[in-house]
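Enquirer:
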Amino acid sequence: MSAERRIALVRAPGDAWTAVDLDAAGDEVSRTTLGAGEAAAWVARTEAADAPRWILRSARDDYPFLLAAGVRLGRAHDLVLCHAILRDTASAARPLTASPRWVRTDPAETAPALFDLDDARAEGDAVAAVLAQYGEQRRVIAEADDGRLSLLCAAESAGGLIAEEMRAAGLPWDERVHDGILTETLGARPAAGGLPSRMVELGDEVRRLLGDATLHLDSQPKLLRALHRAGVPAESTGRWELAAYDHPVIAPLLSYKKLSRLLSANGWGWLAEWVREGRFRPVYIPGGVVTGRWASAGGGALQLPRSLRPAVRADPGWRLVVADVAQLEPRMLAAMARDEAMAETARGTDLYAGVVASGAVATREEAKYAVLGAMYGATTGDSGRLVPRLRRVYPQAMALVDAAARTGEDGGVVSTWLGRSSPAPSADWQELQARATGADADPALVAQARRRARDWGRFTRNFVVQGTAAEWSLIWLAEIRHRLRGFADAERPAPASGPFARASHLAFFLHDEVILHVPEEHADAAADAVRDAAAVATTRLFGTFPIDVRLDLRIADSADK
DNA sequence: AGAAGTTGCGCG
DNA sequence: AAAGCGCGCAACTTCT
């Protein structure tokens, strides 16, 4: 932190850039104006010489230009991402003043129009706005002063860089393997407009068994009426509901629905639209979920079905490092609550086995549903029935989530370990609660308010756990990236072009899982980097508290399990 | 005709 | 098999 050079890098319309050197107090030291043609080279030189922290309006808007020119940044402060955190955090005495100017532009919209429109007058205004906002953000971070917001903003900003780098690098994707899976599962690829052969056969069989030769299976209401006529009194066409009925049409119908889903979500159309040059390049949106988890836009990056994972293939001469965390969220809960009993349970690879060993429940499956129920707020069903047993064995951990739920039910705000705070409940919600507290309130209204209060309580209960897990993952990612940057270039470049053709890189991230794509000569070192990064993430968050965070990790040519 | 809402299912 | 949290997307139906 001490002698770190800080440079605000501001893009103006027309891809002219201004770089402003700041001193430790955040005041301007000097200013360099850069034309579009020279900006990337100047940034690359400065990065190589001083490794500064780059203050950007938004990595999403600003970084692709640099990546396209082959320039990678080491460290950043992303004003848009940090604005969202610092505006809402309960950790600050005087949080950031909310400003629409610093709100992320919608993924659907293009270009950072908001900012430019606002300040089209002069480039100087855009620079002044960036410097002023950075000053404000530094004030909020410094006032909180226990290091947590500072760590969170640094990690969030690193995430902003990583999201763009992963898009630029892409996930290596073998179109032939994908096509093979589709053909094997769905049947021969149809001529334009038609359905693949297996779907045609299954559809015909369903129609025959339902006695309706022209039934359109993709229409919920029509399908439901046909099922009723055939003697299946289902209330919906959902998978779980249908599976409960014993009728010859159920099996082919469920198969048809499964295939239909694969075709519409990740069929040949998806392949043509989203995979180019052997790379899947989704749009990641760091902090896109209120809890701090990432969201994605386009391509369904976070919903890739496991059945397609064999299509994730390393390039020749390269390897994948595939790692995911075993039961990240309950481990975070144990550490946040400083619950020694639960931490003891978490020692080892399988937390659920530990719960069984503690005597709380009899089987691993029960342990899983009990733990999930505890974090999600289950009250009924088998899961809800098991939660009280956990309360006896892990009173501290349960007290933490129970308190978060109560705060939410009362309309309060909860925060993650590093200080990302939950949104306040909506005006609607608050008004409903207010109306239901009157002495003469309608009992139906009171019941409805109570229900909505519990709904919000389940959200805040889960928020603290899911959000803290997102923070662990963010630090993990940043630490992995930091280590990979020290690796030498590949002896053999990947066939795909771009800034990562020779560089070990993160290729995919999904809440508690990463995939790295690395030259084979670095695969073992990359695996070590992933493990070391996990250990550092745990220590950064929880210091010496003895929480075990285990990875399942493998080096492979394919992401298939 | 197009927007908005609903359903169902993929992921963690 | 489990009913509890957070998402995105496609296809359908209903509303304007």
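Counted the way my numbering counts, the first sequence spans residues 48 to 608.
Glycine included, C-beta positions come from ideal geometry on N, C-alpha and C.
1. Could you spell out where the beta strand (DSSP E) holding Leu103 opens and where it closes?
2. In three-state terms, what does DSSP make of Ser430?
3. Measure the CB-CB distance between Ala372 and Asp559 and report whether it falls below 7 Å.
4. Quick check: Ala277 and Leu262, are their CB atoms within less than 7 Å of each other?
5. What are the boundary residues of the alpha helix (DSSP H) that Ala123 is part of?
6. Among all the DSSP beta bridges, which residues are the ones paired with Ile332?
7. Between Leu419 and the rest of its own chain, which residues show a CB-CB distance below 7 Å, the 5 nearest in sequence each way excluded?
8. Exposed or buried, which one is Lys415 when buried takes at least 16 other CB atoms within 10 Å?
9. If I follow the unbroken alpha helix (DSSP H) through Trp89, where does it start and stop?
10. Taking Cβ positions, are Ala98 and Ser204 nearer each other than 7 Å?
11. Mind checking which residues open and close the alpha helix (DSSP H) that includes Ile562?
12. Here's the rule: buried if 16 or more other CB atoms are within 10 angstroms of the residue's CB, otherwise exposed. What is His552?
13. Taking the C-alpha atoms as reference points, what is the distance between Val247 and Gly121?
14. Counting Cβ pairs closer than 8 Å, one from the stretch 446-453 and one from the stretch 305-319, do we hit at least three?
15. Terminal residues of the continuous beta strand (DSSP E) containing Ile602?
16. Would Glu412 be called buried (16 or more neighbouring beta carbons within 10 Å of its own) or exposed?
17. Rounded to the nearest angstrom, what separates Arg497 and Ala537 at their Cα positions?
18. What first and last residue would you give for the alpha helix (DSSP H) that runs through Arg286?
19. Measuring only the C-alpha atoms, how far is Leu355 from Glu387?
20. Could you spell out where the alpha helix (DSSP H) holding Thr586 opens and where it closes?
21. So the candidates are Arg185, Asp604, Thr232, Ala202; which of them puts its Cα closest to the Cα of Leu69?
22. Please classify Trp287 as buried or exposed, where buried requires at least 16 neighbouring CB atoms within 10 angstroms.
23. Taking DSSP's pairing of strands, which residues face Ile54 in a bridge?
24. Once the 5 residues before and after Ala381 are set aside, which same chain residues still bring their CB inside 8 Å of it?
25. Evaluate the contact criterion for the stretch 191-203 versus the stretch 323-332: three or more CB pairs, one atom per stretch, below 8 Å.
26. Please go through the stretch 245-312 and give each complete alpha helix (DSSP H) segment of 4 or more residues, from N-terminal end onward.
27. What is the rounded straight-line gap between the Cα of Ala517 and the Cα of Arg340?
28. Quick one: using the 10 Å Cβ neighbour count with 16 as the cut-off for buried, is Arg378 buried or exposed?
29. Using only CA atoms, which one of Gly207, Ala481, Ile527, Val296 lies nearest to Ala131?
30. Taking 8 Å as the limit between beta carbons, can you name the residues of its chain near Ile228, skipping five residues before and five after?
31. Let me check one thing: in DSSP terms, what residues is Leu367 bridge-paired to?
32. Does the beta-carbon distance from Arg437 to Ala421 come in below 7 Å?
33. Can you tell me the Cβ-Cβ gap for Ser468 and Asp135, rounded? I've got them flagged as a contact below 8 Å.
34. Going by DSSP, name the residue or residues bridged to Ala59.
35. Go through its chain and collect everything with a Cβ distance to Gly58's Cβ below 6 Å, but skip five positions before and after it.
36. Can you check DSSP and say which residues form a bridge with Leu218?
Expert: For this structure:
1. As a position in the first sequence, residue 103 is number 56, starting the count at 1. Run containing Leu103: 100-103, per the beta strand (DSSP E) assignment.
2. As a first step, residue 430 is located in the first sequence; it is residue number 383 there, counting from the start. Here Ser430 sits in helix by DSSP.
3. Locating residue 372 in the first sequence gives position 325, where the first residue counts as 1. Locating residue 559 in the first sequence gives position 512, where the first residue counts as 1. Checking the displayed sequence, the identity of residue 372 turns out to be Val instead of Ala. Between Val372 and Asp559, the C-beta gap is smaller than 7 Å, which places the two residues in contact.
4. Position 230 of the first sequence, counted from the start, is the residue given in the question as residue 277. Position 215 of the first sequence, counted from the start, is the residue given in the question as residue 262. No.
5. Within the first sequence, residue 123 is the residue found at index 76, counting from 1. From DSSP, Ala123 is part of no alpha helix (DSSP H) but of the beta strand (DSSP E) over 122-125.
6. Position 285 of the first sequence holds residue 332. Paired residues: Ala342.
7. Within the first sequence, the letter at position 372 stands for residue 419. Taken in chain order, the residues that qualify are Ser430.
8. Translated into positions along the first sequence, residue 415 becomes position 368. It is buried - the Cβ of Lys415 has at least 16 other Cβ atoms within 10 Å.
9. Looking up residue 89 in the first sequence gives position 42. Residues 83-97.
10. By one-based count along the first sequence, residue 98 stands at place 51. By one-based count along the first sequence, residue 204 stands at place 157. Against a cut-off of 7 Å, the Cβ pair of Ser204 and Ala98 comes out as no contact.
11. The residue given as residue 562 occupies position 515 in the first sequence. From DSSP, Ile562 is part of no alpha helix (DSSP H) but of the beta strand (DSSP E) over 560-566.
12. Your numbering for residue 552 matches position 505 in the first sequence. Buried is the call here.
13. As a first step, residue 247 must be located in the first sequence, where it is residue number 200. As a first step, residue 121 must be located in the first sequence, where it is residue number 74. Taking the CA atoms as reference points, Val247 sits about 53 Å from Gly121.
14. The answer is no - the stretch 305-319 does not touch the stretch 446-453, with fewer than three Cβ pairs under 8 Å.
15. Within the first sequence, numbered from 1, the residue matching residue 602 stands at position 555. Counting along the chain, the beta strand (DSSP E) containing Ile602 begins and ends at 598-603.
16. Start at 1 with the first residue of the first sequence, and residue 412 comes out as number 365. Per the 10 Å Cβ criterion, exposed.
17. Along the first sequence, one-based indexing puts residue 497 at 450. Along the first sequence, one-based indexing puts residue 537 at 490. Approximately 60 Å, taken between the alpha carbons.
18. The residue given as residue 286 occupies position 239 in the first sequence. Run containing Arg286: 286-290, per the alpha helix (DSSP H) assignment.
19. Position 308 of the first sequence, counting from 1, holds the residue named residue 355. Position 340 of the first sequence, counting from 1, holds the residue named residue 387. Taking the straight line joining both Cα atoms gives about 40 Å.
20. For the purposes of this step, residue 586 is taken as residue 539 along the first sequence, with counting starting at 1. Note, Thr586: alpha helix (DSSP H), 570-589.
21. Residue 69 sits at position 22 when you count from the first residue of the first sequence. Of the listed residues, the one whose Cα sits closest to Leu69 is Arg185.
22. Translated into positions along the first sequence, residue 287 becomes position 240. Burial state of Trp287 is exposed, judged by a 10 Å Cβ sphere holding fewer than 16 other Cβ atoms.
23. For this step, residue 54 is matched to residue 7 along the first sequence. Under DSSP, Ile54 takes part in a beta bridge, and its partners are Asp68, Trp101.
24. Numbered from 1 along the first sequence, position 334 holds the residue referred to as residue 381. By the criterion of a C-beta distance shorter than 8 Å, Ala381 is surrounded in its chain by Met389, Ala390, Thr392, Ala393, Tyr441, Ala444, Ile594, once the five residues flanking it on both sides are discounted.
25. Too few Cβ pairs lie closer than 8 Å, so no.
26. Here the runs fully enclosed are 267-276, 286-290.
27. The count along the first sequence starts at 1 and reaches residue 517 at position 470. The count along the first sequence starts at 1 and reaches residue 340 at position 293. In this structure, the CA atom of Ala517 is about 5 Å from the CA atom of Arg340.
28. Along the first sequence, read from residue 1 onward, the residue named residue 378 stands at position 331. By the neighbour-count rule (16 or more Cβ atoms within 10 Å), Arg378 is buried.
29. Sequence index remark: in the first sequence, residue 131 carries index 84 (1-based). The residue from Gly207, Ala481, Ile527, Val296 with its alpha-carbon nearest to that of Ala131 is Gly207.
30. If you number the first sequence from 1, residue 228 lands on position 181. These residues qualify, in order along the chain: Ser354, Leu355, Pro357, Ala358.
31. Here residue 367 corresponds to residue number 320 of the first sequence, with the count starting at 1. Paired residues: His564, Ala603.
32. Locating residue 437 in the first sequence gives position 390, counting from the first residue. Locating residue 421 in the first sequence gives position 374, counting from the first residue. This sequence places Leu at residue 437; Arg is not what is there. Yes, they are a contact pair.
33. For this step, residue 468 is matched to residue 421 along the first sequence. For this step, residue 135 is matched to residue 88 along the first sequence. Indeed, because the Cβ distance is near 5 Å, the residues count as touching under 8 Å.
34. Within the first sequence, the letter at position 12 stands for residue 59. BP columns for Ala59 point to Ala63.
35. Here the question's residue 58 lines up with position 11 in the first sequence. Looking at the sequence provided, one finds Arg at residue 58 rather than Gly. If the five residues before and after Arg58 are omitted, its C-beta is found closer than 6 Å to the C-beta atoms of Trp64, Asp109, all from its own chain and listed in chain order.
36. Counting from one through the first sequence, the residue named residue 218 turns up at place 171. Partner(s): Phe327.
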